[in-house]
Each structure stands twice: as structure tokens, then as C-alpha cells.
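Number of protein chains: 2
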Amino acid sequence: MKLSLEALEVLDAIDRHGSFAAAGEALFKVPSSISYMIGKLEEDLGVTLFDRTGLKAKLTPTGQAVLEDGRRLLRGAIELERRAKKIEAGWESELRIAVDVILPFRILLPYITTFYGENSQTRLLFSHEVSGGPWEALLDGRADFAIGALDHAPNLPGFSSCSIGQVQSAFAVAPGHPLADAVEPLDRSVIGQYRQVEIQDTSRQR
Amino acid sequence: MKLSLEALEVLDAIDRHGSFAAAGEALFKVPSSISYMIGKLEEDLGVTLFDRTGLKAKLTPTGQAVLEDGRRLLRGAIELERRAKKIEAGWESELRIAVDVILPFRILLPYITTFYGENSQTRLLFSHEVSGGPWEALLDGRADFAIGALDHAPNLPGFSSCSIGQVQSAFAVAPGHPLADAVEPLDRSVIGQYRQVEIQDTSRQR
DNA sequence: CCCACTTACGTATCGCGTAATCATG
DNA sequence: CATGATTACGCGATACGTAAGTGGG
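Heads up: the sequence lines are chains A and B, in that order. Numbering-wise (full-length UniProt numbering), the first sequence opens with residue 1 and increments by one. Numbering-wise (full-length UniProt numbering), the second sequence opens with residue 1 and increments by one.
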């Protein structure tokens, strides 16, 4: 294994703070140390991560990909630590629940009240997700539990799901939109010919 | 980040070879080095990974969990390296395809022949999966492509899917089985009262 | 009493800091 | 010339090897 999590943390910090120098400051390291780590990482992987022409170093496409994969690895590493301590302690000290924004959150309030009434040991942490978010949260280990995950459940080992109801959606376009005159029922391929915008929670990509 | 991939590799080797000593031999390390690494890992994580009472050290439940999560991380790390080099080179040198065993493989043979006829650069690597395997393979990054993934697709960013057909299944029990006399249609909860055995490809767990 | 793990200790490597150098805008 | 990255070099922590110690079956 020629890859270290520390190097990936450095890479992450560089991207987040915009420069080697700023990353060094954030990590309480001197610039040369950052330069050294990245140089070693590039050597180990046998690829070029930064384009050094210019005042600030800029990520290459390869660097971008390594950064993204690396962040996933780092999240997994943090998750491992968390689970290890959890098992050692023998109980869940917190339960992380991913909720699809399609569900009005107030629906959950009475259940939350009941839960805390019966169990004050475990803290509930809610995250709000859209689209594939709930499943992604489960699979990434960011959540222990999901409510309102749309689509059928992938039959993955370690997960189970059940239906809690149906959601009605209305497909709407402006009167002037070409689809307003299209023959119904609308096929997915027909809709796909026009621009679609998906609202995503951007908190995870800053 | 108090966690190193090297330590996880050591842990993996110990489990695979059965002892600290054997793992050391496999990694070309002396036993004390192995002992040191594990001790440091336990200290870093703040947990106990091995039960030292007895001749050979035995994994604790926590150790077992760290091992499993760690193997996932290691696979991710290898995956990162692979993708980095791939992007650097600028092309896919191989395409890894996960195929559900429910599909007779010979169905794919003509397509494979056609593919190689048009493209001799890219090598096809097939893995055979069952149940949730194809999706797991995609999500773990072990496969670039899946054929015959059952269940509806989780709506995950970065993946898309389409239906290629339907599979008919017949639910069958022995004449003497209690379910043979149950009133139909059988509900999932009724079936769940009896023992079920799922055939899994065990190659990944040795 | 053998085998497996641990501990003690010396050593070499590696990561980091200091400081000087280079490059860019 | 100011800002940011690299290089040279020395120091110290850390991982590993040698060898002795501990303990279970």
C-alpha cells in the first residue's frame, strides 16, 4: 500500500484552503512540509496531481479525481474509528437519521418526543437529504437509518427497508413550454429532450 | 486522522494467515514489528483489537469490525490508485463488468465477441455476483458496469440504469413443508416465519 | 518445554522545521 | 517586489530489527 491517509488529508486541505501555504497554516505545518507530502504522494502514485505553472498550484484532472476518491476514503476512515469505539462501548450513543426533504419534518416530531421519552441515553441526529441522498447517506455510513428514501431499496446485504407510504407528484410545465402541447402520457425519453434542473443540497460540496 | 492503512494491512494479514508470526512472515516483517503496529493501532483507536489470553491472539468483536471496515478501506485505496493511473493514461485499459448469476452467461457471449471485434484495446473482466452483489460491486468500485442487477436502481448520483427485461421466479416448497398448506397469496411476513437460506458467493470472504 | 506474543533497546529512515532559492504576476 | 512553491540541510520522532522475557498448552 503506497498511499497514506495523511497525504490525502493534506490534499483535502490544499483544495479547501486554496494553496499549499494556506493548507499548511490550517494543519499547523510549514509550507515545505506540505510540498514534501504532495511530492511524495505523487511519486508513490506515479501521477502528477498539481500543475505548477502559475503562482498557485492547480489540481490536474488526476488530482481532482484523487481528491474526490480520497475524501471518500477519509470519511470511511472516520467512520471506522467511530464504529470501533461504539462497539467497544457496547451501545449506540447516537443514532443518525437521514430524512428526505420530501417529508414535512413536523410529521416526525411526535415520534421524536416519544423516543426521547423512552430513551434519553441515545441522541438523535437528523440530516436532510434530497433525491438519492438518503441512500447515499446510508451507504457512505453517514447515517444509521433513513426515512423517506425514494425508489425501491437496492437489495444490499446489511440493509432492509419497508414501505411507509406513497408520495404523489405533479409534473408541471409553463404554458409556453413545448411539453405543454406534447401528447400524453409523457415518456421519459420525451421529457429527457429538454433541460432539467435538479435541486441538490450543496452543503457537502461546500 | 489517527489511523494508517499500513496498520490495516497488517491486521488483514494477521487474520488471513492466522497469527502475528505468520503475518510477519508474509509481510517480510519480524514479529515484534507486527506486535508494535497492532499495539499502536489499538492505542490510536482507543480500543482492544485482540484477546491475548491463549496461545494465539484472537480478534475481539471490535477487532472483527475494524478488520471488516478496514478491508473496505483498503479496497477503496487500491481503487483510488487504479483510477488515478487510469486517468493519467487517459483511457480505460479494462472494463470490469459484474454479472448476476441469474443470467445465463452464454447470453453475453455474442456481445463479447462483437465488443472485441470493434475494440481490442480494452480488456473485459467479468465477475459473477448474486443477490445484491452487482450493486455492491458498483458501489464498492469493484465494477464499472453491472448486468442483471435485480431490484430497482437506487437513485444514486453517478449511476444510471435501464431495464433489460423481466425474470420469472417460482416459489417452491416441499410437499411436507408447512407453507405447502398455507393460504395463498403468501405474504412476506408469513414466509418470514420459516427458515430461509441464501446462497452467497463466498469467494470474497475466502 | 515449545511456540507465540511482548518488551527492551539500538538504529536507520522519514517527516518536518529553518532558511535560502526560484518563479510568477 | 510580494506571494507562493521548491530545495538543501539538520534534527527528532517513529518504525523496525535483534535479542531477551513472559506465558499458555
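Built from N, CA and C at the ideal position, the CB exists for glycine as well.
- Residue 172 (chain A) has its alpha-carbon roughly 26 angstroms from the corresponding atom of residue 106 (chain A).
- The segment 109-195 of chain A contains, as complete alpha helix (DSSP H) runs of 4+ residues, the segments 109-118, 133-140, 188-191 (chain order).
- By alpha-carbon distance to residue 82 (chain A), the top candidate from A:65, A:94, A:128 is A:94.
- Per DSSP, residue 97 (chain B) is one residue of the beta strand (DSSP E) stretching across 94-100.
- According to the DSSP secondary-structure assignment, residue 5 (chain A) is paired through a beta bridge with no residue.
- In this structure, DSSP gives residue 59 (chain B) an extended state, which the three-state scheme calls strand.
- Sequence-distant Cβ neighbours of residue 3 (chain B) in its own chain, meaning closer than 8 angstroms and more than five residues away, are 41, 44, 45.
- In the assembly as shown, residue 109 (chain B) is an exposed residue. Its beta-carbon has fewer than 16 other beta-carbons within 10 Å.
- Counting along the chain, the unbroken alpha helix (DSSP H) around residue 20 (chain A) starts and ends at 20-26.
- Chain-ordered, the chain A residues with CB closer than 7 angstroms to the CB of residue 70 (chain B) read 80.
- By the rule that beta-carbons nearer than 8 angstroms mark a contact, residue 83 (chain A) touches chain B.
- Using a Cβ distance threshold of 8 angstroms, residue 74 (chain A) and residue 138 (chain A) do not count as a contacting pair.
- Chain order gives the chain A residues near residue 76 (chain B) as 69, 72, 73, 76, where near means a beta carbon separation below 9 angstroms.
- Cα atoms of residue 185 (chain B) and residue 98 (chain A): separation of roughly 34 angstroms, rounded to the nearest angstrom.
- Within chain B, the C-beta atoms nearer than 7 angstroms to that of residue 87 (chain A) come from 61, 62, 65, in chain order.
- At least one CB of chain A lies nearer than 8 angstroms to the CB of residue 47 (chain B).
- Taking the CA atoms as reference points, residue 38 (chain A) sits about 15 angstroms from residue 65 (chain A).
- Exclusion of the five residues before and after residue 70 (chain B) leaves 8, 11, 12 as the residues of its chain whose Cβ lies within less than 7 angstroms of its Cβ.
- Among the CB atoms of chain A, none fall inside 8 angstroms of the CB of residue 103 (chain B).
- Exclusion of the five residues before and after residue 167 (chain A) leaves 102 as the residues of its chain whose Cβ lies within less than 7 angstroms of its Cβ.
- Considering only beta carbons, the part of the segment 2-24 of chain A lying closer than 7 angstroms to chain B consists of 3, 4, 5, 6, 9, in chain order.
- With respect to residue 141 (chain B), residue 79 (chain B) sits close: the two C-beta atoms are nearer than 8 angstroms.
- In this structure, the beta-carbon distance from residue 124 (chain B) to residue 112 (chain B) falls below 8 angstroms.
- Chain order gives the chain B residues near residue 139 (chain A) as 139, where near means a beta carbon separation below 7 angstroms.
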